[in-house]
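Residue numbers (my numbering): 117 to 405.
Just so you know, even glycine gets a beta-carbon here, dropped at the ideal spot from N, CA and C.
A short write-up of the structure that comes next.
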């Protein structure tokens, strides 16, 4: 979007004389007109055009320009993240805050707004999940990792009953969302400054599939299953999708789980990083999460 406004980059920023005619330039446009133009651009383009001249810069701070770029329930989202709504703050400042990755709930969750689509994204760390046996060092350990947004991951050495559960109550704006578990077979580490993956403890995942499920308080349910394959790379396993209706005015309560509870064999060598709730329209960009 914005290609139709490319001619603005070619004009002069002030009036110039061409013979007896006064040719208007960008500097002659009223700020209110500029703001109407910017309202039709996406946030990245607005910031780029704001550097053209003083009129574009001033117009880029207009509240009504950014009102349409904010999520529908941005007040509730801010209250959830900050514990309250800041007063006397401009809409552009609110957008700038929400477009950053913001931690909340004692650092176990992160939320941000996609800069292109203004859709909400959410990430829940392993420490924000309920993991069977997590407090027993014979089975699980939290290990540091610079490949995680949270700085650490949960590593499973070996267990018979594998179960990871989680839930969140959040004011998701209207839309369709996809839920993913971010997992890796193998233990991440470093050797001589290079990233390595120890695969010695990987076992049991190719025998029976893992089951993923999600539920919402309004009766939506989704289930899928697959065997975990590959090693040494982070993969996103799709647990299911849910829809938040346009008329919904309260938070959405979401539950999710990942289980492999066949106790005929042990399984191990798995890293659990996080659960990601992403707009379904943006899930092609999950590799950057």
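Residue 290: which of 251, 215, 309 and 368 sits nearest, CA to CA?
368
Within 8 Å, do at least three Cβ pairs link the stretch 147-165 to the stretch 322-331?
no
Cβ of residue 74 within 8 Å of Cβ of residue 294?
Because the chain here runs from 117 to 405, residue 74 falls outside it and cannot be looked at.
In whole angstroms, give me the CA-to-CA distance for residue 378 and residue 321.
11 Å
Based on Cα-Cα distance, which residue from 303, 273 and 359 lies nearest to residue 262?
303
CA nearest to the CA of residue 186, picked from 173, 220 and 231
231
So, are the CB atoms of residue 388 and residue 240 less than 8 Å apart?
no
Residues near residue 277 by beta carbon distance below 7 Å, same chain, minus five either side
248, 377 and 379
Taking residue 179 as part of the alpha helix (DSSP H), name the residues at either end of that continuous run.
179-183
Express the C-alpha separation of residue 269 and residue 221 in angstroms, rounding to a whole number.
17 Å
Please state whether DSSP places residue 198 in a helix, a strand or coil.
helix
Short of 7 Å in beta carbon distance, which residues of its chain neighbour residue 396, apart from the five on each side in sequence? Order them along the chain.
292, 293, 294 and 357
Suppose you measure from the CA of residue 193 to the CA of residue 370; what does that come to, to the nearest Å?
16 Å
Got a sec, what are the start and stop residues for the beta strand (DSSP E) residue 312 sits in?
310-314
Cβ pair residue 341, residue 360 closer than 8 Å:
no
Nonlocal neighbours in the same chain, by C-beta distance under 7 Å from residue 137, ignoring five residues either side:
Its pLDDT being 49, under 50, residue 137 is placed unreliably in this model, and the value from its coordinates should be taken loosely. Closer than 7 Å at Cβ, skipping near neighbours: no residue.
Relative to the C-alpha of residue 305, which candidate in 316, 375, 246 and 337 has its C-alpha closest?
316
Please list, in chain order, all residues of the same chain as residue 206 whose beta carbon is under 7 Å from its beta carbon, the five residues on each side excluded.
177 and 179
Anticipated Cβ contact below 8 Å, residue 353 with residue 299, distance rounded:
6 Å
Which ranges would you report for the beta strand (DSSP E) in the stretch 239-308 if only whole runs of at least 3 residues count?
256-260, 268-272, 278-286, 291-301 and 303-307
Please work out which residues of its chain come closer than 6 Å, Cβ to Cβ, to residue 266, disregarding the five sequence neighbours upstream and downstream, and give them in chain order.
241
Member of 252, 215 and 374 whose CA lies at the smallest distance from the CA of residue 234
215
Using CA coordinates, which residue listed in 281, 343 and 255 is at the minimum distance from residue 246?
281
Assigned secondary structure, residue 137 (DSSP; H/G/I helix, E/B strand, else coil)
Bear in mind that the predicted position of residue 137 carries a pLDDT of just 49, short of 50, making it too unreliable to give a figure here.
Please report the distance separating the alpha-carbon of residue 197 from that of residue 362.
22 Å
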